[in-house]
Amino acid sequence: MREIYFDHAATTPPDERVVEAMLPYLRGDFGNPSEPHRLGRRANRAVAAARAQTAAALGAEEDEIVFTGGGSEADSLAIVGHAETHAAGHLITSAVEHPAVAEAVRFLERYRGWEPIVVPVDRDGVVDLDAYTGAFRPDTRLVSVMLANNVVGTLQPIAELARIAHEHGAVFHTDAVQAVGSLEIDVRRLDVDLLSLSGHKLYGPKGVGALYVRRGIELVPVIHGGGQEHGLRSGTENVPSIVGLGKALELAVDALPTAGPRLEALRDRLIEGVLSSVPEVELLGHRRQRLPGNVCLSVRGVEGEALVLRLDELGISASSGSACSARSEGPGGVIVAMGRDKVSARGSLRLTLGRATDDADVDYFLEVFPGVVERLRAMSPLMAGA
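First residue of the sequence shown? That's 8 in my numbering, and the numbers climb one at a time after it.
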């Protein structure tokens, strides 16, 4: 039985070159970067080198990079950290944000008196530009809109959204966790003030991320202590993982010119193959304005979880939405926000391709998927009387 991994949006396998780069800092070079002795200086140089790699990957300056414990922490530092520099105020976000953003916004609303407006999206998952523009008020301090959706893969027009935010005097944050490593990212061209990323989404280690903080943007730390990371993220640096993140970003940027087009071709062949061979299946998300490896489908009459379990029996790892939330509003909430009903959301299947995906993987999926759907529909009460 083939083993196929179609869940790269949930996490990616660490690149062997990343693991090799990390190993010295798990063994002999174990020093604390804050210490002035030889081992400490070695660790400090390793963190500085990773900071330079991260900055280069984003088109940023080295002093604009803050290492964190992951993408969720980076989102909280950006949103809560900036909000804490004001009294209460008004902020704007979208209806399809990752829980790391949505929950940070809820925290500010519940405990800090902030007033959020959640802007709707169209059927492709793209932010409604008129509603977005009309949402600004004189006291709008902060905007957070994700670059690429983790469920349906839709890309947002971030540069335009950031421009509008700046015209209204607001700071703009984007959760780019799904995008960094898959798309060319330049924070200057995007004109964002804050940008979050995560190591394990781009063939690096889990438990490490980074936040780009444009010079002049003020944040209050959410973790207090010894003042590491420019005073914004206290705690002894996770040197091996930071080194791994820097290496993973360097490798991802080097691979982009060939990796992106290759994944787009595989993605499009998978989409076309499914839509032509299985009736009553809808592609969710924008057809072209989407991540190169994302295929999100709604299969009428079948529960997404049942599809995932049956595909797993056939050696295919996939997702019914997002691995990041156990809340009932999780991945289904994104799909409902795009104008679909809850039945369509429950029948969602997310297939996310990656570096190891090849034509044979796509062929095998297209071979077995029609039979999987047919079998499940035959047993499904959702198809009764259809």
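Idealized CB from N, CA, C, for every residue including glycine.
Measuring only the C-alpha atoms, how far is residue i from residue j?
{"i": "residue 320", "j": "residue 27", "result": "33 Å"}
{"i": "residue 380", "j": "residue 309", "result": "7 Å"}
{"i": "residue 333", "j": "residue 174", "result": "Any reading at residue 333 needs caution, since the residue's pLDDT is 37, under 50, leaving its predicted position unreliable; the model's value is listed next. Going from the Cα of residue 333 to the Cα of residue 174 covers about 37 Å."}
{"i": "residue 24", "j": "residue 254", "result": "8 Å"}
{"i": "residue 113", "j": "residue 149", "result": "14 Å"}
{"i": "residue 143", "j": "residue 99", "result": "8 Å"}
{"i": "residue 323", "j": "residue 30", "result": "31 Å"}
{"i": "residue 270", "j": "residue 227", "result": "39 Å"}
{"i": "residue 14", "j": "residue 313", "result": "16 Å"}
{"i": "residue 392", "j": "residue 341", "result": "Bear in mind that the predicted position of residue 392 carries a pLDDT of just 49, short of 50, making it too unreliable to give a figure here."}
{"i": "residue 285", "j": "residue 276", "result": "14 Å"}
{"i": "residue 105", "j": "residue 182", "result": "8 Å"}
{"i": "residue 127", "j": "residue 88", "result": "25 Å"}
{"i": "residue 307", "j": "residue 17", "result": "24 Å"}
{"i": "residue 130", "j": "residue 295", "result": "14 Å"}
{"i": "residue 124", "j": "residue 194", "result": "25 Å"}
{"i": "residue 152", "j": "residue 171", "result": "12 Å"}
{"i": "residue 35", "j": "residue 210", "result": "24 Å"}
{"i": "residue 53", "j": "residue 116", "result": "39 Å"}
{"i": "residue 359", "j": "residue 44", "result": "45 Å"}
{"i": "residue 67", "j": "residue 85", "result": "16 Å"}
{"i": "residue 372", "j": "residue 179", "result": "40 Å"}
{"i": "residue 132", "j": "residue 185", "result": "15 Å"}
{"i": "residue 239", "j": "residue 386", "result": "54 Å"}
{"i": "residue 58", "j": "residue 356", "result": "36 Å"}
{"i": "residue 331", "j": "residue 158", "result": "Because residue 331 sits at a pLDDT of 44, beneath the cut-off of 50, its placement in the model cannot be relied upon, and the following sentence gives the value as read from the coordinates. Taking the straight line joining both Cα atoms gives about 10 Å."}
{"i": "residue 166", "j": "residue 190", "result": "14 Å"}
For residue i, count the other beta carbons within 10 Å of its own beta carbon; 16 or more makes it buried, fewer makes it exposed. Which is it?
{"i": "residue 282", "result": "exposed"}
{"i": "residue 82", "result": "buried"}
{"i": "residue 33", "result": "exposed"}
{"i": "residue 118", "result": "exposed"}
{"i": "residue 196", "result": "exposed"}
{"i": "residue 208", "result": "buried"}
{"i": "residue 273", "result": "buried"}
{"i": "residue 65", "result": "buried"}
{"i": "residue 236", "result": "buried"}
{"i": "residue 316", "result": "exposed"}
{"i": "residue 350", "result": "exposed"}
{"i": "residue 329", "result": "The predicted position of residue 329 is uncertain, since its pLDDT is 37 and thus under 50; no value can be drawn from it."}
{"i": "residue 353", "result": "buried"}
{"i": "residue 297", "result": "buried"}
{"i": "residue 268", "result": "exposed"}
{"i": "residue 368", "result": "buried"}
{"i": "residue 212", "result": "buried"}
{"i": "residue 222", "result": "exposed"}
{"i": "residue 366", "result": "exposed"}
{"i": "residue 325", "result": "buried"}
{"i": "residue 363", "result": "exposed"}
Whole-angstrom Cβ separation of residue i and residue j, contact assumed at under 8 Å?
{"i": "residue 215", "j": "residue 206", "result": "4 Å"}
{"i": "residue 246", "j": "residue 40", "result": "6 Å"}
{"i": "residue 201", "j": "residue 187", "result": "Actually they do not touch by this definition, with Cβ atoms about 13 Å apart."}
{"i": "residue 147", "j": "residue 177", "result": "5 Å"}
{"i": "residue 300", "j": "residue 361", "result": "6 Å"}
{"i": "residue 252", "j": "residue 217", "result": "7 Å"}
{"i": "residue 162", "j": "residue 169", "result": "No, residue 162 and residue 169 are not in contact; Cβ-Cβ is about 14 Å, not under 8 Å."}
{"i": "residue 122", "j": "residue 97", "result": "5 Å"}
Along the chain, where does the alpha helix (DSSP H) containing residue i start, and where does it finish?
{"i": "residue 105", "result": "Unbroken run through residue 105: none, as it is neither H nor E."}
{"i": "residue 168", "result": "165-174"}
{"i": "residue 371", "result": "366-386"}
{"i": "residue 255", "result": "246-284"}
{"i": "residue 224", "result": "Note, residue 224: premise wrong, no alpha helix (DSSP H); not H, not E."}
{"i": "residue 89", "result": "78-90"}
{"i": "residue 137", "result": "136-141"}
{"i": "residue 315", "result": "311-320"}
{"i": "residue 197", "result": "194-197"}
Considering just the uninterrupted stretch of the beta strand (DSSP E) at residue i, what are its terminal residues?
{"i": "residue 149", "result": "147-151"}
{"i": "residue 357", "result": "355-359"}
{"i": "residue 25", "result": "Where residue 25 is concerned, there is no enclosing beta strand (DSSP E), although the alpha helix (DSSP H) it sits in stretches over 23-29."}
{"i": "residue 51", "result": "Looking at the DSSP string, residue 51 is not in any beta strand (DSSP E); the run it does join, the alpha helix (DSSP H), is 45-65."}
{"i": "residue 156", "result": "Careful: residue 156 lies outside any beta strand (DSSP E) and carries neither H nor E."}
{"i": "residue 182", "result": "178-182"}
Let me see if you follow: with CB-CB separation under 8 Å, is residue i close to chain C or not?
{"i": "residue 9", "result": "Among the chains of the structure shown, chain C does not appear; only one protein chain is present."}
Just to confirm, does residue i get its C-beta within under 7 Å of one of the non-hydrogen atoms of the ligand FAD?
{"i": "residue 90", "result": "Absent from the structure shown: the ligand FAD. Ligands present: none."}
| said: Could you check whether the stretch 287-301 touches the stretch 345-358, counting it as contact only if at least three pairs of C-beta atoms, one from each stretch, sit closer than 8 Å? | reply: yes
| request: Could you tell me whether the stretch 37-52 touches the stretch 235-245, using the rule of 3 or more Cβ pairs below 8 Å? | output: yes
| task | Count the CB pairs spanning the stretch 222-238 and the stretch 259-267 that are closer than 8 Å, and state whether there are at least three. | result | no
| On the three-pair Cβ rule with 8 Å, is the stretch 88-98 touching the stretch 62-78? | no
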